[in-house]
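Peer 1:
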Amino acid sequence: MGAQEVLNQEEVNALLNAVDSGDVNIDAQSVPGEVRLYDFQNDQGSLRVRMPAFDLINERLARSLRVSLHNLIRRPLEIAVMPLRCCKYGDFTQGLALPSNLNLIRINPLRGNALLALDPALVFCVVDNFFGGRGRQQGAESREFAPTEMRVIHMLLRAAFNDMREAWLPVAAIDVEHVKSEVNPSFAPIAAPSEAVVICGFQLALEGGGGDMHLVLPLSMLEPFKDVLEAGPSNAGAAQDDRWLSSLKEDIQDAEIELTTMLGHASVKLSQLVNLKSGDVIPCDFSGKATVFAEGVPLFRGSYGASRGQQSVRFEQRVKRPRTHAGDALLLRKTI
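Numbering-wise (our numbering), the sequence shown opens with residue 4 and increments by one.
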């Protein structure tokens, strides 16, 4: 309130005299308002949740799961994390494609059950890739999954459970158990239809297609860690920051890097290249030394030979790389 809006003492006295004399009606009726019903079982306010720490957990889970599934199906794949969202459990189950693979899981020490849902397109694509196919997807008829398909699903679940334990370490030590698998959402009641749930979505893309995976947790299930999940690592204190930093270092050290080896060079004419036939020999400048690359970047040189029955390169010296333009820009920025 500005200074010009404050009543002085004379104005206050005049107002009090007007009230005493009846010139000012203090019994005026208020404007009638509208009464609105409030449903305590349908708390819409709880559906608006922001959990920065949960976003980081999902990013960690996606990175680990990409490596685990690559080791399982031996095919390249990508995993994208969907934005964290909340909705009623009934709304989520109504949007499920059939026959989704619905896995009830227990996350100790949290109370209640969670749900790990796999789209049918994802299941069929993973199964076909696992057996050497190209991700051919079967029809999405409503049926139970075959025993062979369930065995592959359980292998995927075991990998996902291990990665979930690692992803949650900065927040809490958890243990994930498989309770049962269902196809019909009616037999997977982790929450009442009107109860709010948190949905962590992951889009998996691999050869032949892919699909979505959803981790669904009742909002009440996360109550013990609500403060940590909403605060994120930056506001959780120095001890919590150290745990996040340690986990980040572990993730970097566990990152897989594909190495390639170049033994030598050779130049041929295009006419010679197109006329090559079995038995032709291409001379190259191989000197017994090999250069090892990672993503096209030379790392080191060494002697090429055999070790324990496998072709190998013995490390001898690092390759000195010229400073990049990005490095020059960073150095310039520091000197300004």
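Every residue gets a Cβ at the ideal spot worked out from N, C-alpha and C, and that includes glycine.
#1: Measure the CB-CB distance between ALA208 and GLU81 and report whether it falls below 8 Å.
#2: Where do the ends of the beta strand (DSSP E) carrying ASP215 lie?
#3: Is the Cβ-Cβ distance between ASP178 and SER71 less than 8 Å?
#4: Tell me where the beta strand (DSSP E) around MET265 begins and ends.
#5: Go ahead and label GLY282 buried or exposed: buried means 16 or more other beta carbons lie within 10 angstroms of its beta carbon, across all protein chains shown.
#6: Name the DSSP bridge partner or partners of ASP178?
#7: Please determine, among GLN256, VAL277, LEU262, the residue with the shortest C-alpha to C-alpha distance to GLY299.
#8: Tell me where the beta strand (DSSP E) around GLY305 begins and ends.
#9: From the DSSP output, read off the bridge partner residues of GLU185.
#10: Does THR151 pass the burial test, meaning 16 or more other C-beta atoms within 10 Å, or should it be called exposed?
#11: Find the nearest neighbour of PHE318 within the set ALA309, ILE110, ARG304, judged by alpha-carbon distance.
#12: Less than 8 Å between the beta carbons of ALA269 and CYS287, yes or no?
#13: Assuming contact is defined by CB atoms lying nearer than 8 Å, are LEU105 and ALA163 in contact in what I supplied?
#14: Which stretch, first to last residue, makes up the beta strand (DSSP E) that contains LEU119?
#15: Taking the alpha carbon of ALA175 as the reference point, which residue from PHE228, HIS217, PRO123 has its own alpha carbon closest?
#16: Have a look at the DSSP bridge pairing and note the partners of LEU209.
#17: Considering ARG154, what are the terminal residues of the alpha helix (DSSP H) in which it resides?
#18: Just curious, the alpha helix (DSSP H) that ALA293 is in, first and last residue?
#19: Give the secondary structure of ILE60 by DSSP, where H, G and I count as helix, E and B as strand, and everything else as coil.
#20: Quick check: what's the CA-CA separation for ASP131 versus ARG137?
#21: Judging by CA-CA distance, which residue of ASP230, GLU259, GLU226, LEU232 is the nearest neighbour of LEU113?
#22: With the cut-off set at 8 Å, would you say PRO221 and ILE255 are in Cβ contact?
#23: Sort GLY204, GLU210, LEU121, PHE95 by Cα distance to ALA65 and report the nearest one.
#24: Can you name the start and end residues of the beta strand (DSSP E) that PRO226 belongs to?
#25: Here's the rule: buried if 16 or more other CB atoms are within 10 angstroms of the residue's CB, otherwise exposed. What is ASN116?
#26: Confirm, please, whether the CB-CB distance from ALA293 to TYR307 is below 8 Å.
Peer 2: Inspection of the coordinates gives the following:
#1: yes
#2: 212-221
#3: no
#4: 262-265
#5: exposed
#6: ASN111
#7: LEU262
#8: 300-310
#9: LEU105
#10: exposed
#11: ARG304
#12: yes
#13: no
#14: 116-121
#15: PHE228
#16: LEU80, GLY212
#17: 150-171
#18: Element bounds for ALA293: not the alpha helix (DSSP H) but the beta strand (DSSP E), 292-297.
#19: helix
#20: 7 Å
#21: GLU226
#22: no
#23: GLY204
#24: A small fix is needed here, since residue 226 is Glu in this sequence, not Pro. No beta strand (DSSP E) holds GLU226; DSSP gives it neither H nor E.
#25: buried
#26: yes
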